[in-house]
Structures are given as structure tokens and as C-alpha cells.
Amino acid sequence: MTAMHTTASTIPAATDDRAKRLERVREAAYRIRLNALSMGEVQGQGYIGQALGIADVLAVAYTDQLRHRPDDPHWPDRDRFLLSIGHYAIALYAALAEAGIIPVEELETYGSDDSRLPMSAMASYTPGMEISGGSLGHGLAVATGMALGLRHQGNPARVYNLLSDGELDEGSTWEAAMQAAHHGLDNVTAIVDVNALQADGPTAGVLRTEPVTEKWQAFGWHALRVDGNDIDALVDAFDELRAHTGSPGVLICDTRIGRGVPLLETREKAHFMRVSEHEWQIARDQLAAGHDTEGQTR
Ligand SMILES: Cc1ncc(C[n+]2csc(CCOP(=O)(O)OP(=O)(O)O)c2C)c(N)n1
Ligand SMILES: [Mg+2]
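Here you go:
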């Protein structure tokens, strides 16, 4: 018997007035950044720059695009969001709190013993964390398998995989890309965070991945490239990829490490940041000032 799948969504975004829709995402992105700063302050260090950089993408995904039920993270028809970059856990926790999947108050337990929010992502610990992805380069293969399974079941859910530009160095990413295209998996969306940085330095110096768009196209993907800190452009791109049929889609997002906090945007060692005690309040003030200015110019 074919399983019944409801069409209920927590996010009735498509019918919303566009200005309201963008404003809602902008506010969510601001709170995701604040959540990330709170967690960073608990540990005094971490992958804070990446969380600030990817906050706009996560805000669009979690407050505008994904079909999910915050109180039922295992709802069979939910869209799956796979984080293959385990070190970006801080970013995803910030978004899961904004989406109501984990309580905001729980963020203060980040990285401590017995917390459900370990510093590297663990699927068995955290509601809404679909995979344990710290060993880089496996997320897209898991996404491909899940998407095949969902299609086989007649389940309309979509599978998203957020991967980093560092993961483009992994051969397994490209094996999965070939598979997804071979099977015409239009229920898969890959999102690549091109922050131009890796653990050992700028991506261009570690292993040249450009031209990224053309590579995905050559592998049979419908590829779009946008400024990953431009909410307007992100919303359009996500909409286009959801509507696209016949092949998998990839959204290549150029993001800026530390985005929204000038103090951290200009850090030399941006992959793993250490932030002094007195700098956290400055960071929050800078974030608030930027948010206000942006609000006034809209
Ligand atoms: C298979 C594998 N190889 C190496 C590592 C070590 N590692 C952890 S983060 C990282 C950098 C990867 O690049 P990216 O995610 O783009 O870095 P970021 O943008 O966060 O600076 C590496 C090599 C790993 N986790 N898994
Ligand atoms: Mg990177």
C-alpha cells in the first residue's frame, strides 16, 4: 500500500506578501547570528565565522523553505536538511533554535558534558540533526540515497545537503554528484558554502575548485550561483530550485566569513576563532548596529 503523505507545511511562505516574507527571514537571520554568538561565548572560541557567514542561507531554509514540524522532528514527510560539515554544528543549532526545534535556552549548554549540543554535530544527540557529518565528503552520498528512497516510497519530501567549499576537494562528493544526476534526483538540492576558506587557508591556495558552477553543470546538475548573504537572491534561487524538474539542483553561495560583525569579518585566523571575553559584547553591538542600519535602508 502506498503511504499517505499530508501536504501540511509549517511554512506557508509562497502565498505571503514578498516584503513581509523577506522581513521575516531578515529578522530570523539576525536571531540566528545572535544565537551563534551566545554559543560562541559559552566556549570562548569556535567556528563562529562560518555560522555568521551561513546565517542568511539557514534563515531562508528554516523559516521560508523547509516543510517540517518543529514538535515532530521525525515526521516522515519532513524535508531533510543534511549538514555534512560537522564543524558547522554551531550554525545549525542556532537555526534549529530559531525554528523551534530545540529551545533557545538550551543553547547555553553548548559543548558541555551531557549536552545535546556537542561541538561537532551528532545525529543521535540532537533533534533535527539528520546525520553525523564531521568526516567531510559524505553528506551528498547520504542525501542521494535518502532521495532515492523517498522517491521509491512516493514521498514528496525534499533532501537538502549543506556542504562546504572544502568538501569539493573530496572525490566522494563528485561520485555522489554523478549518481544523483544519473538518477535524475530533482528532489535533491545541494547548497555549497563558498566562503573561499578551509582549515589550512584560502581555498584557492589549498586546492583550486573554481570554476565551481561549470563543474556542477558538467556533472548534470542545474546550478545557480548567488551572493549567499543576499536574502532576496537566496529566496528566488531556492524557489527556482524547488520548481526545477528532471535533474538535481545546486545552489552555490558566496558567503563572507563573520558576516554582520566587522570585528570578526576581518580576523586573520578565521577558520577557528578565539574571541576575548570583552569582545563578545562589542560583537553583539556591531551586529545590532548593522541590523538597524539595514532595516532603515529597506
Ligand atoms: C575527510 C576529512 N578530512 C579532513 C578533515 C579535517 N577538516 C576539518 S574542517 C576542514 C576544512 C574543510 O574546509 P571548509 O569546510 O571549507 O572549511 P571552513 O570554511 O570551515 O574554514 C578540514 C580539512 C575532516 N574533518 N574530514
Ligand atoms: Mg570553506
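Quick note, the sequence shown lines up with residues 8 to 305 if you use the working numbering.
Ideal Cβ positions, reconstructed from N, Cα and C, are used throughout, including at glycine.
On a predicted model such as this, the values are computed, not experimentally measured, just so you know.
Problem set entry | Contacting residues, own chain, Cβ-Cβ under 6 angstroms from Ser16 (five flanking each side not counted) | Because the pLDDT of Ser16 is 49, which lies under 50, any placement of that residue in the model is unreliable, and the number read from its coordinates should be weighed accordingly. Answer for Ser16: Arg74, listed in chain order.
Exercise. Which runs of the beta strand (DSSP E), 3 residues or longer, sit entirely within the segment 82-170?
Worked result: 87-90
Exercise. Taking C-beta to C-beta, are Ala240 and Asp246 nearer than 8 angstroms?
Worked result: no
Exercise. Would you say the beta carbon of Glu174 comes nearer than 7 angstroms to a heavy atom of ligand 1?
Worked result: yes
Exercise. Apart from the five residues just before and just after His145, which ones in its own chain have a Cβ nearer than 7 angstroms to its Cβ?
Worked result: Only Ser91 and Ser179 meet the Cβ criterion.
Problem set entry | Ile264 (DSSP reduced to helix, strand or coil) | Reduced to three states, the DSSP call for Ile264 is coil.
Exercise. Helix, strand or coil: how does DSSP classify Asp299 here?
Worked result: Asp299: helix per DSSP, three-state reduction.
Exercise. Does any heavy atom of ligand 2 sit closer than 7 angstroms to the C-beta of Thr210?
Worked result: Taking non-hydrogen atoms of ligand 2 into account, the C-beta of Thr210 is found less than 7 angstroms away from one of them.
For this session: Report the residue ranges of all beta strand (DSSP E) runs contained in full by the segment 170-229; include only those spanning at least 3 residues, in chain order.
Result: 195-201
Problem set entry | Cβ neighbours of Gly256 in the same chain (closer than 6 angstroms, five flanking residues each side left out) | Thr196, His229 and Leu248
For this session: Compare the C-beta of Val282 against all C-beta atoms of chain B and say whether one is closer than 8 angstroms.
Result: Absence of chain B from the displayed structure is noted, only one protein chain being present.
Exercise. From Pro125, Lys276, Arg28 and Leu157, pick the residue whose C-alpha is nearest to that of Ala101; which is it?
Worked result: Of Pro125, Lys276, Arg28 and Leu157, the residue nearest in Cα terms is Pro125.
Problem set entry | Local conformation of Asp234 per DSSP, three classes | Strand.
Problem set entry | Beta-carbon contacts of Glu272 that lie in its chain and below 6 angstroms, excluding the five residues immediately before and after | The answer, listed in chain order, is Gly265.
Exercise. For the 8 angstroms Cβ check, are there 3 or more pairs between the segment 161-180 and the segment 206-220?
Worked result: yes
Problem set entry | Beta-carbon proximity list for Gly253, same chain, < 7 angstroms, skipping 5 on both sides | These residues qualify, in order along the chain: Gly191 and Asp193.
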